[in-house]
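Under the working numbering, the first residue of the sequence shown carries the number 3, and numbering increases by one thereafter. Each residue gets a CB set at the ideal place from its N, CA and C atoms; glycine is no exception. None of the values given here were measured: they were computed from a predicted structure. Please read the structure below before turning to the comments.
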Amino acid sequence: MFNRQTVACIFTVGLGSFSTLLSSTTIEVAFVQVMGELAMDLSEAHWTVSLYMVVMTIAMLLTADLVNRIGCRYTFIVSFIIMISGSLIGALADGLFSLLCGRALQGFAAGLQAPLATIILGRIFAREKMGIAMGFFGAIMLLAPALGPVIGGYLIDFMSWRGLFAFQIPMAALSLLCALIFLNPDKPHQAAYAYDWAGLCILTGVLSGFFISLQLAEEVGMYATEFAISCGVSALLALMFYFFEKQTAQPLVNFALFKDTVFSVNIVVICVLGIFLFSSILIVPLYLLEIRGLSARQAGEALLIPGLIMAFMAPFSGWLSDRFPPREIILCGLLINTYAIWLTAQQDVSSAIIAIVVATSLSRIGMSVMLPSLYVSSLRHLEGPMLAYGSSMINFARQIGGALGVMLFSLLYERSKLIASDQLWQSAGNAMESTGYLSLDATSREYSRIEQGIHALSGTTAFQSVFYLNLLMNIICLGLLLLTYLPAWRATLRKSQTSGGPASP
Numbered sequence: 003m004f005n006r007q008t009v010a011c012i013f014t015v016g017l018g019s020f021s022t023l024l025s026s027t028t029i030e031v032a033f034v035q036v037m038g039e040l041a042m043d044l045s046e047a048h049w050t051v052s053l054y055m056v057v058m059t060i061a062m063l064l065t066a067d068l069v070n071r072i073g074c075r076y077t078f079i080v081s082f083i084i085m086i087s088g089s090l091i092g093a094l095a096d097g098l099f100s101l102l103c104g105r106a107l108q109g110f111a112a113g114l115q116a117p118l119a120t121i122i123l124g125r126i127f128a129r130e131k132m133g134i135a136m137g138f139f140g141a142i143m144l145l146a147p148a149l150g151p152v153i154g155g156y157l158i159d160f161m162s163w164r165g166l167f168a169f170q171i172p173m174a175a176l177s178l179l180c181a182l183i184f185l186n187p188d189k190p191h192q193a194a195y196a197y198d199w200a201g202l203c204i205l206t207g208v209l210s211g212f213f214i215s216l217q218l219a220e221e222v223g224m225y226a227t228e229f230a231i232s233c234g235v236s237a238l239l240a241l242m243f244y245f246f247e248k249q250t251a252q253p254l255v256n257f258a259l260f261k262d263t264v265f266s267v268n269i270v271v272i273c274v275l276g277i278f279l280f281s282s283i284l285i286v287p288l289y290l291l292e293i294r295g296l297s298a299r300q301a302g303e304a305l306l307i308p309g310l311i312m313a314f315m316a317p318f319s320g321w322l323s324d325r326f327p328p329r330e331i332i333l334c335g336l337l338i339n340t341y342a343i344w345l346t347a348q349q350d351v352s353s354a355i356i357a358i359v360v361a362t363s364l365s366r367i368g369m370s371v372m373l374p375s376l377y378v379s380s381l382r383h384l385e386g387p388m389l390a391y392g393s394s395m396i397n398f399a400r401q402i403g404g405a406l407g408v409m410l411f412s413l414l415y416e417r418s419k420l421i422a423s424d425q426l427w428q429s430a431g432n433a434m435e436s437t438g439y440l441s442l443d444a445t446s447r448e449y450s451r452i453e454q455g456i457h458a459l460s461g462t463t464a465f466q467s468v469f470y471l472n473l474l475m476n477i478i479c480l481g482l483l484l485l486t487y488l489p490a491w492r493a494t495l496r497k498s499q500t501s502g503g504p505a506s507p
């Protein structure tokens, strides 16, 4: 089906995406060890993920400009030189600052890398073959979320958290070598022009202010003056960014893309899927580690089957997207994902681990079914520089969703667990008072059992809260898609009635 050069290109971009995505999905299972060695609390540990994703999101918006200036091949090479540097700094980190510097460089490299795959594949393949090409690429790329927690768990159990960074160096070096061998130099689309550095600075302020606001909500509460000021500044910067970009000849974000209603709704759905995917990658292993008592390796292995299912479903999903209208495939996948999230939210301390694995696997099937069709539906009418802008915006939406998922849902998880714990302790205190056990010794076996039970129940309540909120967002996305697709379905039905034949698929 594909010639040797085409296969080499798919392998190269797939390996590149695999190695960069691996750096984003291994660190979560290392939180406990990193916090102990570097004397950090959980909120500081979350920044190793959040900073990575914020920097990655910003770097994505540089990709279109770099591709237009120096081409895909050299952008690819630059990204992996930065990745090797960041991995080396992270492996040698002796404190929070150096660790965050390493993660920031890794995130910047991953941000440059993320949109390149769709740009390169969009230039190589004809429109009618884009779906299956994205499917094969997705199978390679989606192995990273599947294998990341497992690899991270093994490295932590048998080495240390520093092995997570050291492991990235040979992977990045191999990706760099493949790019030098298999990717041909390509000509830029346009002459060099003044880059929108002002827009980049404003957007950096928007994203930084927004995520600082989330951090302040956890530290000082949502009614504090500091939180209100941070939110207000972020909102003003967001408005400034929008009007500034509308007046810029070569904008960082091309808002002309959003004139297409389907593209706009697809971006919302992709963002919500990013929120769900990255929040589940964080919360599920955290729940298994903290509440269910699994080791880092066991928690990683629990996520292996769902990830492998998602990866191996990708080629089939790409084949589907080339043969059937994307509307029906996207809705079908989102319905499966919505049901799977509801099923996950029903799990509690009495549920078997395999039940969580099955529910997570079902959600990965739903996501795998719809993602190629979402990408093809979003990019099918874009060409030249607009293809690069569209690809960057898709990846931007996914990663900003991922960053939101990590920050917002880690906050929700911790806050829900704290509230549930306080309520359970109050109920336990009332029960002990009524039964005469108010003076129960804190070192006694009975007290220890009560403490363990409250810890498990409060963690389970927090786990369920995360997935119920994800469920609500998926239901909203279903409504948006139905409203968007309704005019097209009506037009198809009218055309069918006029011609007297059956409606086309």
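Is residue j closer than 7 Å to residue i when the C-beta atoms are compared?
i, j, result
"residue 122", "residue 15", "yes"
"residue 2", "residue 259", "In the structure as shown, the chain begins at 3 and stops at 507. Residue 2 is therefore absent and cannot be evaluated."
"residue 207", "residue 28", "no"
"residue 158", "residue 35", "yes"
"residue 347", "residue 454", "no"
"residue 486", "residue 263", "yes"
"residue 17", "residue 177", "yes"
"residue 304", "residue 359", "yes"
"residue 323", "residue 339", "no"
"residue 595", "residue 332", "Nothing about residue 595 can be reported from this structure: the residues present for the chain run from 3 to 507 only."
"residue 361", "residue 69", "no"
"residue 50", "residue 6", "no"
Using three-state DSSP, classify residue i as helix, strand or coil.
i, result
"residue 253", "coil"
"residue 500", "helix"
"residue 173", "helix"
"residue 189", "coil"
"residue 382", "coil"
"residue 324", "helix"
"residue 349", "coil"
"residue 73", "coil"
"residue 354", "coil"
"residue 377", "helix"
"residue 395", "helix"
"residue 518", "Look at the range of the chain in this structure, 3 to 507, and you will see that residue 518 is not part of it."
"residue 165", "helix"
"residue 462", "helix"
"residue 506", "No answer about residue 506 holds up, because its pLDDT of 41 lies below 50 and its placement is not dependable."
"residue 305", "coil"
"residue 85", "helix"
"residue 403", "helix"
"residue 28", "coil"
"residue 484", "helix"
"residue 198", "coil"
"residue 123", "helix"
"residue 97", "coil"
"residue 489", "helix"
"residue 387", "helix"
Straight-line CA distance for residue i to residue j?
i, j, result
"residue 356", "residue 302", "13 Å"
"residue 419", "residue 283", "18 Å"
"residue 300", "residue 38", "20 Å"
"residue 450", "residue 429", "16 Å"
"residue 500", "residue 224", "57 Å"
"residue 506", "residue 330", "With a pLDDT of 41 at residue 506, under the threshold of 50, the modelled position of that residue is not reliable, and the figure given next carries that caveat. So the alpha carbons of these two residues sit roughly 12 Å apart."
"residue 232", "residue 12", "43 Å"
"residue 405", "residue 385", "29 Å"
"residue 403", "residue 491", "29 Å"
"residue 495", "residue 10", "44 Å"
"residue 368", "residue 77", "33 Å"
"residue 48", "residue 293", "18 Å"
"residue 337", "residue 87", "42 Å"
"residue 229", "residue 222", "8 Å"
"residue 489", "residue 188", "41 Å"
"residue 41", "residue 234", "33 Å"
"residue 273", "residue 335", "15 Å"
Subject >> Cβ contact (3+ pairs, closer than 8 Å) linking the region 424-434 and the region 481-492 >> reply: no
Original post:
Is it true that the region 9-25 meets the region 109-116, where meeting means three or more beta-carbon pairs spaced less than 8 Å apart?
Top reply: Judged by Cβ distances under 8 Å, the region 9-25 makes contact with the region 109-116, as three or more pairs qualify.
Subject >> Segment contact, 8 Å Cβ cut-off, at least three pairs: the region 75-89 with the region 165-184 >> reply: Yes, the region 75-89 touches the region 165-184.
Original post:
Hey, is the region 62-74 in contact with the region 392-411, meaning 3+ C-beta pairs nearer than 8 Å?
Top reply: Taking a cut-off of 8 Å for Cβ pairs, the region 62-74 and the region 392-411 touch, as three or more such pairs fall below it.
Subject >> Contact between the region 203-220 and the region 47-58 (3+ Cβ pairs under 8 Å) >> reply: yes
Original post:
Below 8 Å, can you find three or more Cβ-Cβ pairs linking the region 406-418 to the region 306-321?
Top reply: no
**OP:** Check whether the region 169-177 touches the region 84-101, counting contact only when three or more Cβ pairs, one atom from each stretch, lie closer than 8 Å.
**Re:** Pairwise C-beta distances place the region 169-177 in contact with the region 84-101, as three or more of them are shorter than 8 Å.
Original post:
Within the chosen definition, does the region 263-278 reach the region 374-394 through at least 3 CB pairs nearer than 8 Å?
Top reply: yes
Original post:
Are the region 460-474 and the region 314-325 touching, with three or more C-beta to C-beta distances below 8 Å?
Top reply: Output reads no: the region 314-325 does not touch the region 460-474.
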